[in-house]
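Protein chains in written order, with my numbering: chain A, 854 to 1172; chain B, 17 to 268; chain C, 310 to 593.
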Amino acid sequence: MKVRLDSTLKIIGLILAFVFLAILPPFYSSYWVTLLTQMLIFGILAMSLDILMGYSGLSSFGHAAFFGAAAYVVAILSTRYKIGFLVCFISGIGLSTVISMIFGLLVAHATGVYFLIITLALGMTLWGLAFRWVNMTGGDNGISGIMRPDIGLPISLKDPLTFYYFTLVFFLIALILMAILVRSPFGHSLKGIRDSESRMRVLGYHTWMHKYLSYITAAAFGGFAGVLWAYFNGFTSPYDMDLTASIEIILMVILGGPGTLIGPALGAGIILFLKNFISAYTQRWLLILGTIYILTIFYAPQGLVNLLKDWTKRGRNKA
Amino acid sequence: MESKGPVPCLVIESLSKAFGGLRAVDRINLTVAPGERRVLMGPNGAGKTTLFNLVSGIYPATEGRILFFEKDVTALPSYRRAALGMARTYQITNLFPRLTVSENILMACQALQRTKFVMFRLLSSYRRLMERCNDLLKAFDLWEKRSELVKNLSHGDQRQIEVAMALAGKPRLLLLDEPAAGLSPAETHALTLLLKKLDPSITILLIEHDMDVAFEFAEKITVLYQGRFLTEGTKEEIKNNAMVQEIYLGVE
Amino acid sequence: MEFLLVQTLNGFSFGALLFLLASGLSLIYGVMKIVNIAHGSYYMLGAYVGLSVILRTHSFVLGALAGGLVVGVIGLLMERIFLKKFSLQALPQMMITLGFALVFRDLALLIWGGDPFTLPCPEILRGSTRIYGVVFPIYRLFVIGVAAAVAVSLWVFNDKTLVGAKLRAAVDDHEMAGGVGLSVPLISGCMFGLGAGLAAFGGVMGGPIFGVYPGLDFELLSLAFVVVIVGGRGSLKGSAVGSILVGLVDNFGKALVPELSYFTLFAPMAIVVAIKPTGLFGRE
C-alpha cells in the first residue's frame, strides 16, 4: 500500500513530537528545558529562512541580520524605556520588516549567486551598525539585562518551564502560519519561481514582486524569532547577527532539507544539540560545524528530511 | 466611415533580433487575423523559435514593433503580455519537474489571477481554481496521473501538460512551438485531433517540423529562411512552391 | 586640508589591500563562477603564516612569500580535491568553501590563539615622510606601490601574455579550450591558487597596519564582496576602482561618522545596484 508508510511515519512523528515537546517537559532538567526553548526559537528562524531558500530558491547569507535587529529593538526598548511585551514584539518584527523592505529593493532583482553576495554584504553592514554604534547598541558588549516580560500570568516567565511553554505557543503559531503560507497561492508561486523563473514570467507572474514579498515575509518571521531570543537570552550582541550566525542558520536549513519547513526546524534542533553537547568537551565547535557542512554537501545535499523521504519511497517500491 | 474589418490579432512590423553580429531574425513582417490557424515553417536556423521568443517577450527586440490586437507590446515584459492574452508552449518541454501534474496546471491557472498573492489561505480552498484545474486535467486525459511528479511522466504526457498549461489562462493567442516534437505517430495523431478541437476564437500560431501535422492544421503558412521571410500562402501554394521545396530538400 | 590628505592616503592604502584581496575573489567569481566564502580566510591565514615566519626569520620578504605560497597551495588543493566534483554548481561549491572558512577560522584559533597581533613592520619602511608638508607613514605608501605593481602585472599578464590568453580562453569556453588542448583543470586550479595566494600576500602586507585576529576573515570578506558588487565581477579594472572607492568610503566613514562606519558602505552599494546592477565595470 503506497500511502501507508509515508503517513504512518508522519503520524508517529507527530505523536512523538507531542509527547516530547508538550507532555514530558515538566520532567526534564532545567538544562534540557532551556535547550529545548532555544531549539524552538532557532526552529522558527530556520523555517523563516526556508521560505527563502527552500521555497523561493533564494539563498540569503544575511538572514541573521533580521533576527538580530529585532532582538536589539527588544533589548533597547525594554531595558532603556521599560516598554512592555506587546509593543516590543510589534516593534521588533516591525523594524526587521522595514529594513527588509529597503534591502529587498536591492536584492529582489538578483538571482542565484549574486543574491547570495549581496545579501551577505547587506547583512554585514547591519552587523557593522550593531558593532560600531556603541551609544545605541553597546557595541561589542551588547545589551544585557533584558527581563522576561510580565504578561499577567500567575507563574512568572522567569521560570524556565513557563517560558518554555510560552515559546512553544509562539512556535506553533509561527509554524502554522508558515505552513499555510507555503500551501497558499503565494507559496505555490514561489515554488514555481524557484524551479523556473522565466517560465513563470511567460505564464504571467510578476516574479520580482513575489521575490520581494518573499524576502520581506522571511524577514518578518526572522524578527519574530529574534524577539523571543532577546527575552530568552536576556542579552543580545552583534554575534547574534554576524556572518557566522547567518551561516549556522543556512546549515540548519540544508541539514534538515530545504523546502520542507519541518526539516529546517529539525536541523535547528540537531545543530543546537550538537553545539551544546560538543562545546562541553571541546572548543572546536566551528571546526566540527565546518566539517559537518562539507560532509553534508558531499553525502546528503538534499538534507536529512528529503533523504528520509527518498528512503521511505524506496522502501515503498520494494513492498 | 470606412469599415476596417476585424482587428488583426498579431501584427509584426520589421522585427529584428541581433545577437552580436548575428541577425537571428531580420526585418520580419507578419499579420495574423483573429481566430486564424497559421503555421510557421522553415528549416533549422530559420529563426522560428527566436520569433516566438520575441513575441512572448523573452528576448527584447533589436528593432521593429509587435502589435497585439493593435496594442504596441514591444516594450512590455513577458508577464504583461501574458495578462493581455498571450500563451506559449516550448519546443523543449519546460514544465516544473519536481511538482505534480495538478500543481503544474494550478500554477498556470492562478497565473493571471490576483489570488496568486494571497499568503494566508490554502490554495486548495479556492474552489473555482481547483475546478478549472480539474477540468483541464480531464480534458487532457491527465486525471489519472494528476498526483504524479512531472519528471516521472512519459514525454507524450508532458507535451499534453504543456498545452494544457498554455490554455489555462484562456489566451487569445496561442504560440505552439513544435508541440509534436518527439511524439510517436499515435501520439501525434491524438495531438492533431486535440489541436483541431480547440476553440475557434483562439488565434493559433504553430511552429511545426512535421509536414503532415503542419499541412493538416494550417489555413495559411508562412515560411522563414535564415531569419528572413521567404514566402507565405495557403497549403496548396506552399506545397507546390519551388523555393520551399528547394530549401527543404536541400537541407534534408 | 591635512586631514583630507591623510584620510585620502589611508583610504588608498586600505583600498590597496582590498585590491589584493578582491582581485582574486573577482577573478574566481567572474572566471570560475565560484563564490569563495573562504577568501577572507586566505587573507587571514596569510597574515598568520607571515607572522610566524617573520618572527622566526626576521625577514618580512620571506614572510610575505611564505604567506602567499602556503595559502596559494592550500587554495589549489582545495579546488582540485573538493570543488572540482561540483564544477558549475554554484551553491554546493559555495557551501563547501563556507565549511572551509569555518575550519580555517578554528584552526587559526587553535594555532595562534584569539589575541590580535600586529605584524612587525620592516625596518627600512618604518617612520614617516613629508609630502607637501603633510606627514605620511612610509609603509602605507609602500603598500599602495606594491598593490599598484601587482595591478599592472596582472593587467599585463592577462592582456599581453600567451598564458593570459590561454586563461581567457578557458574562461570563455571550457569545452573549446579543452578541445584545443588546454588543460582546463590545471588552469582552474592555478587560478584559484593564484587568487588565494594574492589574498594571503595582501594579508601579510596589511599585517603591520591592520593586524590579524579571528574575525578578520569575515569582516574583510564582506568588504571584498562590496568591491565586487560595486566594481563588477571578473573585471580587473572594476576591482581596482571598486577597491579604491570602498577603501575611501570606509576610511572617511570611520573618520567622520565612526558609529556608522561599516554601515556607510551601504550607500555606494545601493547606488551602484540601483543604477548599474552588474557593477561599474561588470559585463552582461
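Quick reminder that beta carbons are idealized off the backbone N, C-alpha and C, glycines included.
Taking the CA atoms as reference points, C:I383 sits about 32 Å from C:L589.
Inclusion of B:K251 and B:I263 in the CB contact set at 8 Å is not warranted, their separation being larger than that value.
In the three-state DSSP reduction, B:R162 falls in the coil class, being neither helix nor strand.
Each residue's CA atom was taken as its position, placing A:D1093 and A:F1151 some 28 Å apart.
The DSSP-derived three-state label of B:E79 is strand. Closest by C-alpha distance to A:A924, out of A:I999, A:A1121, A:V1158 and A:M1062, is A:I999. Shown here for A:H962: same chain residues with a beta carbon closer than 8 Å to its own, the five before and five after excluded, namely W1061 in chain order. Residues are counted here when their Cβ sits less than 7 Å from a Cβ of chain A; for the stretch 560 to 588 of chain C these are P567, E568, L569, S570, Y571, F572, L574, F575, M578, A579, V582 and P586, given in chain order. Collapsing the DSSP output to three states places B:K213 in coil.
In the three-state reduction of the DSSP assignment, C:M341 falls in the helix class, which pools H, G and I.
The beta carbons of C:I346 and C:L434 sit no closer together than 8 Å. Burial state of A:K1044 is buried, judged by a 10 Å Cβ sphere holding 16 or more other Cβ atoms. For C:V444, no chain A residue has a Cβ inside 9 Å of its Cβ, as the nearest lies near 27 Å away. For B:M57, the secondary structure class from DSSP, reduced to helix, strand or coil, is strand. Neighbours of B:R114 in chain A, taken as residues at a C-beta separation under 7 Å, are given in chain order as D1048.
Not a single CB atom of chain A sits nearer than 8 Å to the CB of B:S163. In the three-state DSSP reduction, A:T1070 falls in the helix class (H, G or I).
The closest CA to that of A:S997, considering only A:G1156, A:M892, A:T1089 and A:L1157, is found on A:T1089. Ranked by how close their Cα comes to the Cα of C:G591, the residues C:A356, C:V550 and C:A460 have C:V550 in first place. With fewer than 16 neighbouring CB atoms inside 10 Å of its own CB, B:H171 falls in the exposed class.
Neighbours of A:K1011 in chain B, taken as residues whose beta carbon is under 9 Å from its own, are absent, since the nearest beta carbon is some 34 Å off.
Neighbours of A:I1033 in chain B, taken as residues at a C-beta separation under 9 Å, are given in chain order as M135, F136, R137 and L138.
In the three-state reduction of the DSSP assignment, C:S462 falls in the helix class, which pools H, G and I. Of all residues in the stretch 958 to 982 of chain A, only L958, L959, V960, H962, A963, G965, V966, Y967, L969, I970, I971, L973, A974, L975, G976, M977, T978, L979, W980, G981 and L982 come within less than 9 Å of chain C when Cβ atoms are compared, listed by chain position. Among the CB atoms of chain B, none fall inside 8 Å of the CB of A:T1113. Using a Cβ-Cβ cut-off of 9 Å, B:A197 is close to nothing in chain A; its nearest Cβ partner there is about 17 Å away.
The Cβ of C:V537 sits closer than 8 Å to at least one Cβ of chain A.
Classified as buried, C:D526 has 16 or more neighbouring CB atoms from the shown chains inside 10 Å of its CB. Taking one beta carbon from each stretch, the stretch 325 to 335 of chain C and the stretch 551 to 562 of chain C have 3 or more pairs nearer than 8 Å; the two touch.
In this structure, the alpha-carbon of A:L1006 lies about 23 Å from that of A:R933. Nearest to C:E388 by C-alpha distance, out of C:I496, C:A508, C:M578 and C:M514, is C:I496.
Where B:V239 is concerned, the enclosing beta strand (DSSP E) starts and stops at K236 to Y241. Residue-level contact check: A:K1044 touches chain B, since one or more beta carbons of chain B fall below 8 Å from its beta carbon. DSSP links A:L862 through a beta bridge to no other residue. DSSP places A:M989 inside the alpha helix (DSSP H), whose first and last residues are V987 to T990. Listed in chain order, the alpha helix (DSSP H) elements of length 4 or more contained wholly in the stretch 923 to 997 of chain A are 938 to 960, 965 to 985 and 987 to 990.
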